[in-house]
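Just below is one structure, and these are the notes that go with it.
Numbering (the working numbering), first residue to last: -7 to 77.
Here's what the structure looks like:
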């Protein structure tokens, strides 16, 4: 389940927050940026990394955090549904 990164991202709900997937370091992380200032980074597990790369085209591009949250939420819902089936 991808609850850890998703929960961490929920603290940054405003439209002024953007994210960038950092793949040059281990563990991969989402860098959270507000304006031109870094706010925090959120480490990703292997499953979260795969989901973001599959769902987001150009995940290393700066974009609204809503896209990262939606991608992780979608995978989390799919995992929960698979566990119930």
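All C-beta atoms in this analysis are idealised placements derived from N, C-alpha and C, irrespective of residue type, glycine included.
Going by DSSP, what residue range makes up the alpha helix (DSSP H) through residue i?
| i | result |
| --- | --- |
| residue 13 | Residue 13 -> not in any alpha helix (DSSP H); beta strand (DSSP E) instead, spanning 9 to 14. |
| residue 41 | 38 to 47 |
| residue 3 | Neither: residue 3 is in no alpha helix (DSSP H) and is coded neither H nor E. |
Do you know how far the Cα of residue j is from the Cα of residue i?
| i | j | result |
| --- | --- | --- |
| residue 30 | residue 9 | 10 angstroms |
| residue 36 | residue 3 | 16 angstroms |
| residue 59 | residue 39 | 17 angstroms |
| residue 6 | residue 55 | 13 angstroms |
| residue 18 | residue 41 | 11 angstroms |
| residue 63 | residue 28 | 24 angstroms |
| residue 11 | residue 21 | 10 angstroms |
| residue -5 | residue 45 | 17 angstroms |
| residue 47 | residue 65 | 11 angstroms |
Quick one: give me the first and last residue of the beta strand (DSSP E) that residue i is part of.
| i | result |
| --- | --- |
| residue 23 | 21 to 26 |
Pop quiz: residue i and residue j are said to be a contact at Cβ under 8 angstroms. What is the actual Cβ separation, rounded to whole angstroms?
| i | j | result |
| --- | --- | --- |
| residue 61 | residue 13 | With a Cβ gap of about 13 angstroms, residue 61 and residue 13 do not count as contacting. |
| residue 24 | residue 16 | Contact doesn't hold; Cβ gap of about 17 angstroms is too wide. |
Would a C-beta distance cut-off of 8 angstroms place residue i and residue j closer than the cut-off?
| i | j | result |
| --- | --- | --- |
| residue 67 | residue 43 | yes |
| residue 1 | residue 53 | no |
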